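Trainee: Handing you a structure now.
Structure below.
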């Protein structure tokens with residue numbers, strides 16, 4: 041049994057281990073185990089001392105004894121962590137754990153990728169082994185998120201940080217998310233964009249939104265609505281010329297690895313040149329204002345795109361696009377005839393259609409649905425985007441009535457098995473109930489697939505549930521008798537390809 045001073049003296053050799061997360065060598069591990077065994081014996085001896093032996097001790101002796109006991113407990117705790125299994129994980133296991141922190145191929149949202157202030161940097165600060173493993177994995181440095189908050193809070197120059205990050209990524213495919221919004225200033229913004237574009241031949245996923253809005257300060261102490269605070273006044277963030285994004289005419293930028301692309305806000309980039317340079321593109325999202333000078337003279341055929349999201353700001357491009365392999369489309373129906381023409385021109389086997397529309401779901405949408413006979417999933421969302429010169433009134437039959445099977449009318453979307461719809465005061469609930477019932481029990485002669493999943497989305501959850509309260513028994517009967525899965529949920533979230 042060793043006394044506490046002897047234990048502390050012998051443990052000085054391993055201060056570099058108790059003050060860090062480094063892994064001990066085999067010989068050090070055995071010696072630390074012996075020290076721990078001796079410390080535990082000493083602690084047991086103190087704790088086993090009969091109470092009667094302490095009666096003759098002074099208060100100072102008792103306090104010193106309690107101090108020694110606490111010091112021994114602390115000694116044991118610190119040295120037990122040194123020989124823990126976590127510290128002794130082999131590099132191969134640590135590598136696999138690190139690689140599992142990379143983003144998944146989630147086509148329904150932005151990829152959850154590393155933050156430029158955290159991510160692999162934090163792994164490198166844990167221990168020498170973790171740092172060595174992190175630096176040996178180019179894939180770990182192949183994705184990063186850049187926004188104005190990260191750039192403003194960065195303790196070093198963001199340009200040198202980005203340069204080091206790209207250097208450590210080697211030749212691995214890059215996934216990049218840029219969210220430059222509000223009135224915060226990104227230092228060296230143009231130089232950073234130039235550096236990112238210089239690696240465009242390695243892009244696998246590129247998501248960039250630049251929204252230069254300046255917010256006015258609140259006028260009163262009570263605060264002001266956000267919509268009233270925002271103005272169209274440009275912030276002082278320096279603008280990126282189109283030559284940097286697109287490259288020179290004689291030396292166009294190439295993006296052969298690019299699979300997912302999202303462009304939004306205000307960016308001086310020609311999306312058609314991006315499409316032409318990305319032969320492997322599978323997912324395309326455009327919420328970017330399109331100016332007439334960038335429109336091509338002939339439609340652009342992109343043979344590999346399977347998922348597309350076209351917002352109202354980028355709707356002008358739909359006349360010039362053809363996607364033969366398109367399977368999933370999210371679109372704001374600014375002009376139903378143009379959407380139908382796009383689908384007919386593409387001749388694609390569309391499986392999922394998400395329509396955002398600020399007007400009632402009336403018969404105008406029929407021409408879009410007639411162009412998608414193999415559609416399996418339909419989502420109708422009430423959009424809040426401020427469309428110019430757009431009426432929200434209609435005298436046509438609602439699309440709910442058009443989707444109803446029976447009454448001798450042709451079946452619209454015979455393969456439909458999943459249906460989602462925003463519920464508000466403009467929806468006739470009896471028509472909705474009749475449509476759902478007609479698609480649960482479909483006569484054989486109609487050759488129509490029965491509905492399996494229904495989502496009714498309410499912008500006001502409490503009000504929506506009371507709005508649908510009268511139909512609960514009918515919904516329950518459909519669930520019990522036909523196995524229809526009906527869910528009343530919150531608004532449909534924004535989706536990305």
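Residue numbers (the numbering used here): 41 to 537.
Glycine included, each C-beta is placed from N, C-alpha and C at the ideal position.
Keep in mind it's a predicted model, so treat the numbers as computed, not measured.
(1) Along the chain, where does the beta strand (DSSP E) containing residue 245 start, and where does it finish?
(2) Alpha carbons only, please: which of 104, 45 and 352 is nearest the one belonging to residue 79?
(3) Closer than 8 Å is the cut-off here; do at least three beta carbon pairs connect the segment 172-185 with the segment 68-85?
(4) How many angstroms separate the CA atom of residue 139 from the CA atom of residue 179?
(5) Fully enclosed by the segment 371-417, which alpha helix (DSSP H) runs are 4 residues long or longer?
(6) So the candidates are 123, 446 and 245; which of them puts its Cα closest to the Cα of residue 14?
(7) Which residue's Cα is closest to the Cα of residue 247: 325, 487, 390 and 418?
(8) Skipping 5 residues on each side, what residues in its chain have a beta carbon closer than 8 Å to that of residue 453?
(9) Whose C-beta lies closer than 8 Å to the C-beta of residue 519 among residues of the same chain, with five residues either side of it excluded?
(10) Taking 7 Å as the cut-off, is the beta-carbon of residue 247 closer than that to any non-hydrogen atom of the ligand GDP?
(11) Any idea if residue 104 is buried or exposed, counting beta-carbon neighbours within 10 angstroms, 16 or more meaning buried?
(12) When you compare only the Cα positions, how much space is there between residue 84 and residue 122?
(13) Kindly indicate which three-state DSSP category residue 292 falls into: helix, strand or coil?
(14) Who are residue 138's beta bridge partners in DSSP?
(15) Per the contact definition of three or more C-beta pairs closer than 8 Å, is the segment 301-311 in contact with the segment 282-292?
(16) What is the DSSP secondary structure of residue 359, counted as helix, strand or coil?
(17) Beta-carbon separation of residue 280 and residue 230 under 8 Å?
(18) How many Å lie between residue 389 and residue 450 at the Cα?
(19) With residue 162 as the anchor, note down where its alpha helix (DSSP H) starts and where it stops.
(20) Does DSSP put residue 527 in a helix, a strand or coil?
(21) Excluding the 5 residues preceding and the 5 following residue 474 in the sequence, name in chain order all residues of the same chain whose CB lies nearer than 7 Å to its CB.
(22) Return yes when the Cβ of residue 312 is within less than 8 Å of the Cβ of residue 336, no when it is not.
(23) What are the boundary residues of the alpha helix (DSSP H) that residue 14 is part of?
(24) Could you tell me the boundaries of the alpha helix (DSSP H) in which residue 521 lies?
(25) Roughly how many whole angstroms lie between the Cα atoms of residue 357 and residue 342?
(26) If you drop the 5 nearest sequence neighbours on each side, which residues of the same chain put their C-beta closer than 8 Å to that of residue 171?
(27) Which class does residue 55 belong to by DSSP, given the choice of helix, strand or coil?
(28) Alpha carbon to alpha carbon, how far is residue 363 from residue 355? Give it in angstroms, no decimals.
(29) Taking residue 331 as the reference, give the member of 344, 56, 353 and 349 with the closest Cα.
(30) Tell me which same chain residues have a C-beta within less than 6 Å of the C-beta of residue 478, skipping the five on either side of it?
(31) Pop quiz: residue 301 and residue 328 are said to be a contact at Cβ under 8 Å. What is the actual Cβ separation, rounded to whole angstroms?
(32) Would you mind reading off the limits of the beta strand (DSSP E) that contains residue 286?
(33) Report the rounded CA-to-CA distance for residue 147 versus residue 202, giving the unit in angstroms.
(34) Per DSSP, residue 497 forms a beta bridge with which residues?
(35) Where does residue 278 sit, in a helix, a strand or coil, going by DSSP?
Mentor: Based on what the coordinates show:
(1) Stepping through the chain shown from its first residue, residue 245 is reached at position 205. It spans 243-251 - the beta strand (DSSP E) in which residue 245 sits, taken as one unbroken run.
(2) Residue 79 sits at position 39 when you count from the first residue of the chain shown. With distances taken between CA atoms, residue 79 lies nearest to 45 out of 104, 45 and 352.
(3) No, the segment 172-185 is not in contact with the segment 68-85.
(4) Position 99 of the chain shown, counting from 1, holds the residue named residue 139. Position 139 of the chain shown, counting from 1, holds the residue named residue 179. Approximately 7 Å, taken between the alpha carbons.
(5) Correct list: 376-386 and 406-410.
(6) What is shown of the chain runs 41 to 537, which leaves residue 14 out entirely.
(7) Along the chain shown, read from residue 1 onward, the residue named residue 247 stands at position 207. Measuring C-alpha to C-alpha distances from residue 247 to each of 325, 487, 390 and 418 identifies 325 as the nearest.
(8) Numbered from 1 along the chain shown, position 413 holds the residue referred to as residue 453. Apart from the 5 residues on each side of it in sequence, residue 453 sits with its Cβ closer than 8 Å to the Cβ of 409, 412, 413, 415, 418 and 443 in its chain, given in chain order.
(9) Walking along the chain shown from the start, residue 519 turns up at place 479. Excluding sequence neighbours, residue 519 sits near 525 and 526.
(10) Among the components of this structure there are no ligands whatsoever, and the ligand GDP is therefore not found.
(11) What you label residue 104 is simply residue 64 of the chain shown in a count that begins at 1. Under the 10 Å beta carbon count, residue 104 is surrounded by fewer than 16 other beta carbons and is classified as exposed.
(12) The sequence position of residue 84 within the chain shown is 44, counting from 1. The sequence position of residue 122 within the chain shown is 82, counting from 1. Each residue's alpha carbon lies about 22 Å from the other.
(13) Residue 292 sits at position 252 when you count from the first residue of the chain shown. Looking at residue 292 - three-state DSSP - the assignment turns out to be strand.
(14) Here residue 138 refers to the residue found at position 98 of the chain shown. Its beta-bridge partners do not exist; DSSP assigns none.
(15) Yes, the segment 282-292 is in contact with the segment 301-311.
(16) The residue labelled residue 359 in the question sits at position 319 within the chain shown. The DSSP-derived three-state label of residue 359 is helix.
(17) Locating residue 280 in the chain shown gives position 240, where the first residue counts as 1. Locating residue 230 in the chain shown gives position 190, where the first residue counts as 1. A contact, by the Cβ cut-off of 8 Å.
(18) Numbered from its first residue, the chain shown carries residue 389 at position 349. Numbered from its first residue, the chain shown carries residue 450 at position 410. If I take the Cα positions, the gap works out to 20 Å.
(19) Numbered from 1 along the chain shown, position 122 holds the residue referred to as residue 162. Where residue 162 is concerned, the enclosing alpha helix (DSSP H) stretches over 160-164.
(20) Stepping through the chain shown from its first residue, residue 527 is reached at position 487. Strand.
(21) Taking the first residue of the chain shown as position 1, residue 474 is located at position 434. Cβ contact annotation for residue 474 (same chain, cutoff 7 Å, sequence separation greater than five): 444, in chain order.
(22) Here residue 336 refers to the residue found at position 296 of the chain shown. Here residue 312 refers to the residue found at position 272 of the chain shown. Yes. Within cutoff.
(23) What the structure shows of the chain is the stretch from 41 to 537, and residue 14 is not part of that stretch, so it cannot be assessed.
(24) Against the chain shown, residue 521 aligns to sequence position 481. First-last of the alpha helix (DSSP H) with residue 521: 512-522.
(25) For the purposes of this step, residue 357 is identified with residue 317 of the chain shown, where counting begins at 1. For the purposes of this step, residue 342 is identified with residue 302 of the chain shown, where counting begins at 1. Approximately 13 Å, taken between the alpha carbons.
(26) Start at 1 with the first residue of the chain shown, and residue 171 comes out as number 131. Cβ within range, chain order: 163, 164 and 165.
(27) Locating residue 55 in the chain shown gives position 15, counting from the first residue. If DSSP states are grouped into helix, strand and coil, residue 55 belongs with the helices.
(28) Residue 355 sits at position 315 when you count from the first residue of the chain shown. Residue 363 sits at position 323 when you count from the first residue of the chain shown. Roughly 15 Å between the two C-alpha positions.
(29) For the purposes of this step, residue 331 is taken as the residue at position 291 of the chain shown. The shortest C-alpha to C-alpha distance from residue 331 to any of 344, 56, 353 and 349 is the one to 353.
(30) On the chain shown, position 438 is the one that residue 478 refers to. Hits under 6 Å: 444, 445 and 446.
(31) As a working note, residue 301 is residue 261 in the chain shown. As a working note, residue 328 is residue 288 in the chain shown. The pair is not a contact, with the Cβ atoms about 11 Å apart (cut-off 8 Å).
(32) Numbered from 1 along the chain shown, position 246 holds the residue referred to as residue 286. Residue 286 -> not in any beta strand (DSSP E); alpha helix (DSSP H) instead, spanning 282-286.
(33) Walking along the chain shown from the start, residue 147 turns up at place 107. Walking along the chain shown from the start, residue 202 turns up at place 162. Since pLDDT at residue 147 reaches only 49, below the 50 mark, its modelled position is unreliable, and no value is offered.
(34) Residue mapping note: residue 497 aligns to position 457 of the chain shown, counting from 1. Beta-bridge partners of residue 497 (DSSP): 462 and 529.
(35) Within the chain shown, residue 278 is the residue found at index 238, counting from 1. Here residue 278 sits in coil by DSSP.
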